[in-house]
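So this note's numbering is basically just the index in the sequence shown, starting at one, shifted up by 13. The beta-carbon is built from N, C-alpha and C at its ideal position, and this holds for glycine as well. The structure presented is a predicted model; accordingly, all values stated were derived computationally and were not measured. Step one of this worksheet: look at the structure below.
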Amino acid sequence: MAGRRRAADGPRQAQLRLQRRLAQLQAELDSARTTGDRIAAAADYVRGAVKHADHLEARVVADELVQVLTDAGTRLLGGRKGPTR
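Here is the structure:
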């Protein structure tokens with residue numbers, strides 16, 4: 014049998030991955046010097062999460078994020094004023 018067994022009460026690999034990635038994200042956000050750096054850190058976090066997510070769920074989240082980011086860019090560039098929802 015390949016791999017290691019976890020203790021019955023120990024965290025699963027996915028739980029450990031989530032904790033590790035959240036800690037890394039927080040460290041990157043804390044050290045970000047610009048708003049662009051904060052956005053990049055969050056985008057990197059999501060990009061990494063997509064690799065481990067269900068394909069269909071990742072597609073839905075990607076569509077939502079693309080829309081939110083596009084709307085935010087339009088707002089910042091002087092388009093629409095605030096959310097419409």
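Contact under 8 Å by Cβ, residue i with residue j
{"i": "alanine 45", "j": "alanine 54", "result": "yes"}
{"i": "arginine 51", "j": "leucine 38", "result": "no"}
{"i": "glycine 61", "j": "arginine 25", "result": "no"}
{"i": "leucine 90", "j": "valine 59", "result": "no"}
Span of the alpha helix (DSSP H), counted from its first residue to its last, around residue i
{"i": "histidine 68", "result": "68-89"}
{"i": "glycine 61", "result": "48-63"}
{"i": "alanine 27", "result": "26-44"}
Cβ distance (whole Å) where residue i is taken to contact residue j below 8 Å
{"i": "alanine 71", "j": "valine 81", "result": "With 8 Å as the limit, alanine 71 and valine 81 do not qualify as a contact, their Cβ atoms being about 15 Å apart."}
Own chain, CB closer than 8 Å to residue i, minus 5 neighbours either side, in chain order
{"i": "alanine 75", "result": "Val63"}
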